[in-house]
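Participant:
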Amino acid sequence: MTKPSLKLPNTLRFPQEDEVPANSSVMERFRQSKTANIVPGYTLQYKDDNPNNEELNFDFYTEINVDNDKLWDLFISLSHTLPENCSLIFGPIDFEVSYGKYDDKDEILDFLKTYETELTQDTFLNFGIIYHDAEKLIEIFIDESKYIKYWGVDEQNFKRIMSDFGLNEIENLEFIDEYPKVRENLNIHYPNTLGTHELIKVLKEKYL
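Per this note's numbering, residue 142 is the first one in the sequence shown, and the count goes up by one each step.
#1: Which residues in the same chain have their Cβ closer than 6 Å to the Cβ of Lys277, if we skip the five residues on either side of it in sequence?
#2: What are the boundary residues of the beta strand (DSSP E) that includes His273?
#3: Using the Cα positions of Leu219 and Arg172, report the straight-line distance between them to the nearest angstrom.
#4: Let me make sure I understand the geometry here. Which of Asn178, Glu312, Asp274 has the alpha-carbon closest to that of Leu223?
#5: Would you decide whether Tyr183 is buried or exposed? Buried here means 16 or more other CB atoms lie within 10 Å of its CB.
#6: Looking at the unbroken alpha helix (DSSP H) that takes in Leu229, where does it start and where does it end?
#7: Pro156: which of Arg324, Glu259, Lys347, His330 sits nearest, CA to CA?
#8: Roughly how many angstroms separate the alpha carbons of Glu312 and Pro332, rounded to a whole number?
#9: If the criterion is Cβ atoms closer than 8 Å, does the pair Leu340 and Thr152 meet it?
#10: Kindly identify the DSSP beta-bridge partner or partners of Gly293.
#11: Check whether the stretch 300–315 and the stretch 200–207 are in contact - that is, three or more C-beta pairs closer than 8 Å.
#12: Going by the beta-carbon positions, is the gap between Glu257 and Trp292 smaller than 8 Å?
#13: Just to confirm my understanding: we take Ile230, look at its own chain, exclude 5 residues before and 5 after, and list those with CB closer than 8 Å. What are they?
#14: Pop quiz: Val167 and Pro321 are said to be a contact at Cβ under 8 Å. What is the actual Cβ separation, rounded to whole angstroms?
#15: What residues in its chain sit with their C-beta under 8 Å from that of Asp305, if we drop five residues either side in the sequence?
#16: Relative to the alpha-carbon of Leu147, which residue among Ile234, Asn191, Gly307 has its alpha-carbon at the smallest distance?
#17: With DSSP run on the structure shown, which of helix, strand or coil describes Phe282?
#18: Along the alpha helix (DSSP H) that carries Leu344, what are the first and last residues, could you check?
#19: Please identify the residue among Leu149, Glu285, Asp318, Asp200 whose C-alpha is closest to the C-alpha of Gln186.
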């Protein structure tokens, strides 16, 4: 049986061999990437397994590989696990993210829909939504490499959503950012989109 491959965003790829420094640890990781277990699926870790999480109000944490053409739909499905009000998270890679003021979740998602291409394809941008109070923490975070990190409180509902998308818990699942990768500018593939900092400016003006 052929191992399923993960559909990456058009802006993200593995390097060609001639793009990797020879005789380096990077080259070794490049070679290991050929057999990496980077497939659709998810990991599952429980809060109680890590004493550092004792004061945080989530029950489990998961990382999810999903085909890029399904990323937005999965983000929307997971958003249904958050209350009616939440905060937008966003920021460029290598910088602290910004947390927007709490606002109506559906209005946030409607606004973001305009920028679906930028949000799902721009590999220089992180974004997500979060709800956090004294009793629970629920967060959906889309990493720059366009896989999902999720902190949740309802495991049964989460697994139902995963099943709806044909995603299973995968032992030893790996992610592309564990290996050498090439990020390409969004405008190379999508000329009529906003650049990273242009979109961040829009989001700051709207939510900060």
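Every residue, glycine too, gets a C-beta built ideally from N, C-alpha and C.
Facilitator: According to the data block:
#1: Asn198, Val294
#2: His273 -> beta strand (DSSP E) spans 266–273.
#3: Rounded to whole angstroms, the gap between the alpha carbons of Leu219 and Arg172 is 35 Å.
#4: Asp274
#5: buried
#6: From DSSP, Leu229 is part of no alpha helix (DSSP H) but of the beta strand (DSSP E) over 226–233.
#7: Arg324
#8: 39 Å
#9: Cβ atoms of Leu340 and Thr152: not closer than 8 Å.
#10: Phe201
#11: yes
#12: No.
#13: Val238, Ser239, Tyr240, Gly241, Asn267, Phe268, Gly269, Ile270, Ile271, Glu280, Phe282
#14: Right, their Cβ atoms sit about 5 Å apart.
#15: Ser218
#16: Gly307
#17: strand
#18: Boundaries of the alpha helix (DSSP H) harbouring Leu344: 337–348, taken from the DSSP string.
#19: Asp200
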